[in-house]
Amino acid sequence: MTLLSPYPPPAPEVPTPPTAYRSSTRPTTRPTAADPAQRGTTMTTPSPGRQALSVLVENNPGVLARVSVLFARRNFNIDHLVVGPTEDSKVSRMTIVVNVSAEQLHKVTSQLDKLVEVIHIEELADADAIRTRLWAINDNGPRPVGAMAAAAF
Amino acid sequence: MTATHVSSESIADGATTVAPGTTGGVVVGADRRTGAQALVGTLERLGVEHIFGLPGGAVLPLYDALYSSDRIRHILVRHEQGGGHAAQGYAAATGRVGVCMATSGPGATNLVTPLADANMDSVPIVAITGNVASTAMGSDAFQEADIRSISMPVTKHSFLVTNPDEIAATIASAFHLAATGRPGPVLVDVTKDALTALADESLLQLPMPGFRPHSTPAPQAVRDAVELMMKARRPVLYVGGGCLRANASEEVLRLAELTGIPVVTTLMARGVFPDSHPQHMGMPGMHGSVAGVATLQKSDLIISLGARFDDRVTGAKHTFAPGATIIHADIDPAEIGKNFPTEVGLVGDARDTIRQLVLEWTHRTAAGAMPDYDAWVERCLGWKRRYPLGYETPSDGALAPQLVIERLGKISGPDTVFAAGVGQHQMWASQFITYDRPRHWLNSGGLGTMGYAVPAAMGAKVALPDTTVWAIDGDGCFQMTNQELATCSVEGIPIKVAIINNAALGMVRQWQALFYAERFSASQLPSMQIPDFATLAQAYGCVGLRCDRPEDVDRTIEAAMEVDDQPVVVDFRVSKDAMVWPMVPAGTSNDDIQHARDVRPEYGED
Ligand SMILES: Cc1ncc(C[n+]2csc(CCOP(=O)(O)OP(=O)(O)O)c2C)c(N)n1
Ligand SMILES: [Mg+2]
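Protein chains in written order, with this note's numbering: chain B, 28 to 180; chain A, 14 to 619.
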């Protein structure tokens with residue numbers, strides 16, 4: 028094709044989302060307190076295990092970026108991440124839920140432990156319960172319905 | 014002043030014209046110094062003698078303060094990447110922390126490659142960059158780049174300092190971090206307003222509660238390790254760069270000779286254990302010796318000392334050393350078990366760890382234990398005898414690159430420091446020169462950075478002015494950082510450069526010859542015509558020589574050795590068809606090593 032105009036051709040129309048995404052009601056698979064086994068789309072695929080970490084870090088600017096860069100660099104995907112203050116204004120706490128096996132978790136904690144601003148790491152028991160509560164906190168705002176299908180074009 | 018006289022960067026932050034010597038327009042009292050002066054004062058206090066850098070708007074206050082320092086020599090490089098690699102060469106040749114400096118924005122981003130390189134190879138360097146004023150940060154100010162964040166995944170740590178009172182402590186902490194535990198690169202980014210403001214220097218170190226390096230392995234782990242060594246029938250000492258950084262070569266020799274266990278040294282560790290020692294089986298890995306690869310592959314116990322089971326060493330992971338149990342000693346706990354399940358982990362400084370192993374071994378043997386490795390040692394020596402390194406002389410009379418490198422090693426002698434680029438010439442330089450002492454072989458192992466050689470040689474030569482330093486570079490690599498020859502000429506740093514000119518990105522060409530049906534896509538260079546390296550060298554104020562016949566090699570090297578007041582560049586025009594052998598093709602098993610093209614060695618029965 029020869030482009031006669033120096034301008035790019037018009038963008039294709041945004042397609043209608045596939046029916047599966049079009050439901051205007053909330054997906055029925057999202058977790059509820061009564062039914063913790065049914066927890067959203069990602070929960071339906073078999074997973075190597077859910078792990079939760081509590082990480083005390085120095086409350087410095089950029090520390091969140093440093094921690095998340097480490098997860099990305101080591102090829103780990105973060106499920107949930109919450110950061111908040113502690114009793115000590117110089118220290119923040121991060122609660123991180125990751126979808127990995129216990130063995131992989133050890134690899135990521137030993138990398139995390141090397142970060143100069145990471146003071147202390149603890150693996151939390153009952154990651155699933157923590158995840159359920161984080162899901163409840165985080166399950167607000169606009170629904171992702173259709174967003175992925177539109178973004179694909 | 015008009016814009017034609019002063020570059021826009023010097024007025025980017027709206028700073029008023031600065032009178033010379035006043036550091037950013039602040040009149041300095043007798044006892045208070047500016048942030049910039051505090052920074053330079055801290056460097057002096059830490060014993061820094063050399064900095065490789067290049068100024069710009071954001072670091073003008075720092076350069077003004079440096080101007081009055083008579084304890085620090087600043088070497089003005091031609092590109093910040095060269096400054097970074099020079100700091101690496103300086104550090105690798107001496108074990109001291111190397112220092113480089115750059116301005117904000119592009120100056121800082123030009124340091125990313127050497128930072129990543131130093132991170133991969135655990136080289137202690139500190140990079141100091143200026144940034145725009147903290148008040149301008151976030152506004153996309155002229156030459157603003159968030160180098161603290163950019164450098165996060167490629168440094169041991171990176172600091173951003175906006176408070177002048179924290180400059181001194183941060184610099185001191187950066188040096189501590191770079192050199193302590195597993196060494197690595199640390200970046201300190203300082204905003205221009207912090208450099209110009211008055212600084213309180215009473216804080217000497219940052220608290221860093223999260224930095225707790227290990228130094229000594231657990232006694233029980235040491236006992237367990239020696240127990241495994243006693244039971245093993247086919248053990249190997251797999252010696253890596255950690256032993257170099259920890260100055261553990263004497264200890265490695267002691268452990269090896271005490272136990273009689275065969276040794277392999279990685280690309281990073283060459284010289285830590287003498288190549289010419291009878292127990293040395295060579296280098297393992299993609300272009301290692303057959304004996305080096307086989308000794309690891311057929312062992313039943315790998316005692317890894319400061320090595321990290323890199324994929325270039327292990328080949329296809331699932332086929333690596335199937336019969337081996339692993340003892341892994343490393344100062345970095347995250348290395349243990351990272352790539353392979355480990356039976357015993359020894360977390361600590363390599364020198365310390367090896368001393369403990371020696372002690373425990375001595376106790377055990379004194380109490381009567383006597384492991385028998387004779388059959389295994391005999392087998393390893395058999396591989397070493399049967400498959401020595403070698404090369405074919407090109408039939409068309411062209412110069413063999415291996416010959417050039419072999420002669421360089423022989424003629425320049427054991428005191429010489431060699432810095433290599435990345436590619437075929439690097440592998441030949443690792444194969445055909447005998448390294449019997451640590452810190453005489455510098456190269457970019459983990460990142461594989463073309464362009465490392467010339468600036469790294471420059472850094473090494475600055476640190477060791479009385480030592481001969483040869484850069485062995487490729488015609489491709491050389492063109493990435495050769496501008497530092499100007500630095501060498503102007504600053505009186507007489508390095509020697511041997512360009513192994515095969516008119517090709519040779520290593521790429523080799524893979525294309527072997528695995529892409531000789532479709533030489535974008536791998537040929539016209540380096541016999543453009544550039545003319547000898548003339549280019551002369552343009553840089555260096556002696557430029559050329560050699561393309563085997564019979565001239567010795568004479569040319571001797572001529573280069575005689576020049577000691579100027580850098581020398583020799584254009585060795587070599588055969589472009591030479592290949593690096595042995596080779597374990599990427600993604601295949603160490604069992605499939607080829608000694609020469611399509612020649613597979615016989616390992617013999619297990
Ligand atoms: C910065 C960088 N870019 C690309 C590569 C990929 N690469 C590895 S070796 C090589 C060829 C190097 O050519 P040359 O310096 O002439 O060395 P030779 O292999 O010919 O000895 C290339 C392009 C690299 N390692 N580093
Ligand atoms: Mg080449």
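For each residue, glycine too, the CB sits at the ideal point set by N, CA and C.
Computed from a predicted structure; not experimentally measured.
Between A/V201 and A/V139 a beta carbon distance of about 7 angstroms is seen, short of the 8 angstroms cut, so the two are scored as contacting. Contacts with chain A (Cβ-Cβ distance below 7 angstroms) from the region 144-160 of chain B involve E144, V145 and I146, listed in chain order.
Contact note: A/K351 reaches chain B through K134, using a C-beta cutoff of 7 angstroms and chain order. In terms of beta-carbon proximity, B/S137 lines the interface with chain A, with at least one pair separated by less than 9 angstroms. For A/M221, the nearest beta carbon of chain B is closer than 9 angstroms to its own beta carbon.
B/L108 and B/L142 do not touch by the CB rule: their CB atoms are close to 15 angstroms apart, not below 8 angstroms. According to DSSP, residue pairing for A/G194 in a beta bridge does not occur. Residue range D387 to R399 is occupied by the alpha helix (DSSP H) that includes A/C393.
Relative to the Cα of A/V371, the nearest Cα in the group A/I141, A/G557, A/G487 and A/A269 belongs to A/A269.
A/L59 and A/L217 have their C-alpha atoms roughly 11 angstroms apart.
In the assembly as shown, A/Q542 is an exposed residue. Its beta-carbon has fewer than 16 other beta-carbons within 10 Å. With fewer than three CB-CB distances shorter than 8 angstroms, the region 204-220 of chain A does not count as touching the region 233-249 of chain A. From the beta-carbon of A/P166, the residues of chain B found nearer than 7 angstroms are V96 and R100. Ranked by how close their Cα comes to the Cα of A/G319, the residues A/P354, A/S302, A/H331 and A/A261 have A/A261 in first place. Comparing alpha-carbon positions, the option among A/Q439, A/Y465, A/A181 and A/Q444 lying closest to A/A105 turns out to be A/Y465. Contact with chain A is absent for B/L80, since none of that chain's Cβ atoms lies less than 9 angstroms from the residue's Cβ. Taking 8 angstroms as the cut-off, the C-beta of A/N144 does not count as close to any heavy atom of ligand 1. Put simply, of A/L518, A/A511, A/P598 and A/A526 the residue whose alpha carbon is nearest the alpha carbon of A/V566 is A/A511. Out of A/E618, A/G111 and A/H98, the CA that lies nearest to the CA of A/R392 is found in A/E618.
Along the length of the region 228-289 of chain A, whole alpha helix (DSSP H) runs at least 4 residues long occupy 232-244, 254-258 and 262-272, reported in chain order. For the options A/A535, A/S534, A/R532 and A/G557, the alpha carbon positioned closest to that of A/P544 is the one of A/G557. Fully enclosed beta strand (DSSP E) runs of no fewer than 3 residues occupy 105-112 and 118-125 of the region 84-147 of chain B, in order along the chain.
Check the Cα spacing between A/I184 and each of A/N144, A/G54 and A/T126: the tightest is with A/G54. Of the other Cβ atoms in all chains shown, 16 or more fall within 10 Å of the Cβ of A/L402; this residue is therefore buried. Residue range P414 to S425 is occupied by the alpha helix (DSSP H) that includes A/I418, with no beta strand (DSSP E) assigned at that position. Taking 9 angstroms as the threshold, the shortest C-beta distance from B/L108 to chain A does not fall below it.
Ranked by how close their Cα comes to the Cα of A/D77, the residues A/L52, A/Y553, A/P580 and A/V90 have A/L52 in first place. Closer than 8 angstroms to some heavy atom of ligand 2: that does not describe the Cβ of A/A484. Of all alpha-carbon atoms in A/G361, A/I160, A/K205 and A/G505, the one lying nearest the alpha-carbon of A/T175 is that of A/K205.
At a cut-off of 9 angstroms between beta carbons, A/L173 contacts chain B. Not a single CB atom of chain B sits nearer than 9 angstroms to the CB of A/F491. Proximity of A/S152 to chain B, defined by a Cβ-Cβ separation below 9 angstroms, is not satisfied. A/C501 carries a helical assignment under DSSP once its states are collapsed to helix, strand and coil.
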